[in-house]
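Following the working numbering, the numbering of the sequence shown begins with 44 at its first residue and continues without gaps.
Glycine included, every Cβ here is placed at the ideal spot set by N, Cα and C.
Notes follow once the structure below has been shown.
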Amino acid sequence: MTTVARLRELIATLERDLGLQSLSANELNVLYVVRLLSDEVNNLDAEAADIRDHTITASMSQPTLNRTIRSLIEKGYLEPAPNYKTKRYRLGPKGAEI
44 MTTVARLREL
54 IATLERDLGL
64 QSLSANELNV
74 LYVVRLLSDE
84 VNNLDAEAAD
94 IRDHTITASM
104 SQPTLNRTIR
114 SLIEKGYLEP
124 APNYKTKRYR
134 LGPKGAEI
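So, in structure tokens, the structure goes:
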């Protein structure tokens, strides 16, 4: 358990150093998932269903996920992917920095 606590402390320090301390836990989780999904598919857009089903965000309710994505868009961390009718997202200007 000490190792997990130290890892969490390290993550909190990194988040602070990156200027992410103002984001909620849900916002951080969604941002991390979009980053991971983007990396996994050669920097392509992340589909809402894939974000929802990811291990990190699987316990998040659909309304909470929708609010969180909307909040991250408003803050410039995510943006809707252009040219799609389905819900796809990509990292926005602030999100691309992490």
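- Here the alpha carbon of residue 46 sits roughly 14 Å from the alpha carbon of residue 55.
- Beta-bridge partners of residue 134 (DSSP): 121.
- Taking a C-beta distance under 7 Å as the contact criterion, residue 137 and residue 119 qualify as a contact pair.
- Under the three-state reduction of DSSP, residue 101 is assigned to coil, being neither helix nor strand.
- Residue 80 is classed as buried because its beta carbon has at least 16 other beta carbons within 10 Å across all chains shown.
- Residue environment analysis places residue 62 among the exposed positions, since fewer than 16 neighbouring C-beta atoms fall within 10 angstroms of its C-beta.
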